[in-house]
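In this note's numbering, the protein residues as written are 428 to 650. No residue lacks a Cβ here, since even glycine has one placed at the ideal position from N, Cα and C. Owing to the predicted nature of the structure, the values given are computational and were not obtained by experimental measurement. To start, the structure itself, in structure tokens.
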């Protein structure tokens, strides 16, 4: 009876398009749409990314994936990270990345304060739980409150991020294969700068997994 009342008054919604599901287990529209949005089974390629070994994303950054990420980041729905993180973990297994440590891309401190959580950290924690791999939210820190990357060119993004990240714990990083976790892969400037710092601190390899990839022709102003 308790579950019935909960379904009636707080009906579950699709984690992607936000449609009310009611008593059906999954959204019929997204069941058809999502397979069409899955990224090709090859690493993401960007000409100006130098420190990342391989990067993968689950979906292309189109509706309803855009909607889903917006809800996770801005609509106080942290529980969505559990759904998305499971899909990201499957991708890590599929491509045998075999990380020894998972590190979320650090968010700006004022954004974490405003939202109450870091979407990247929640995704990383879920992936770590699924794969039984340790997660560290402490080894990499964003020490500069940089401009939003949204409307910057690729070159401006790289300049904007110089000196923005710092490795706080060299011992934890040294000799490790790092999996960097982010929500959207845009130009790759942010994850590449993170990887640069981790490799300089002694990591042997840095790979990336994201929930979505912004296609190059529409990559600016999408996050």
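Do the region 614-628 and the region 486-503 make contact, defined as three or more Cβ pairs closer than 8 Å? Contact between the region 614-628 and the region 486-503 is absent, because fewer than three Cβ pairs lie under 8 Å.
Once you ignore the five residues that flank residue 534 on each side, which residues in its own chain have a CB closer than 8 Å to its CB? Locating residue 534 in the chain shown gives position 107, counting from the first residue. The answer, listed in chain order, is 545, 546, 547, 548 and 569.
Please tell me whether residue 526 has its Cβ less than 8 Å away from any Cβ of chain C. No chain C appears in this structure, which consists of one protein chain only.
For the alpha helix (DSSP H) that residue 616 lies in, which residues bound it at each end? In the chain shown, residue 616 corresponds to position 189, counting from 1. Counting along the chain, the alpha helix (DSSP H) containing residue 616 begins and ends at 616-627.
For residue 607, report the span of its beta strand (DSSP E) as first-last. The residue given as residue 607 occupies position 180 in the chain shown. Its beta strand (DSSP E) spans residues 604-612.
For residue 622 and residue 606, the rounded distance between their alpha carbons: For the purposes of this step, residue 606 is taken as the residue at position 179 of the chain shown. For the purposes of this step, residue 622 is taken as the residue at position 195 of the chain shown. Distance between the alpha carbons of residue 606 and residue 622: 9 Å.
Which whole runs of the beta strand (DSSP E) in the region 435-498 are 3 residues long or more, in chain order? 482-487
Alpha-carbon spacing of residue 561 relative to residue 631, whole angstroms: The residue you call residue 561 lines up with position 134 of the chain shown. The residue you call residue 631 lines up with position 204 of the chain shown. Approximately 16 Å between the Cα atoms of the pair.
Three or more C-beta pairs below 8 Å linking the region 633-641 and the region 504-519: yes
Could you pull the start and end residues of the alpha helix (DSSP H) that residue 548 belongs to? If you number the chain shown from 1, residue 548 lands on position 121. 546-558 is the span of the alpha helix (DSSP H), which, as asked, contains residue 548.
Does DSSP put residue 514 in a helix, in a strand, or in coil? Indexing the chain shown from 1 puts residue 514 at position 87. Reduced to three states, the DSSP call for residue 514 is helix.
DSSP on residue 541, reduced to helix/strand/coil? Within the chain shown, numbered from 1, the residue matching residue 541 stands at position 114. Three-state DSSP puts residue 541 in a helix.
Coarse secondary structure for residue 532, derived from DSSP in three states: The sequence position of residue 532 within the chain shown is 105, counting from 1. Three-state result, residue 532: coil.
Touching or not, the region 460-467 and the region 482-492, by the rule of three or more beta carbon pairs under 8 Å? yes
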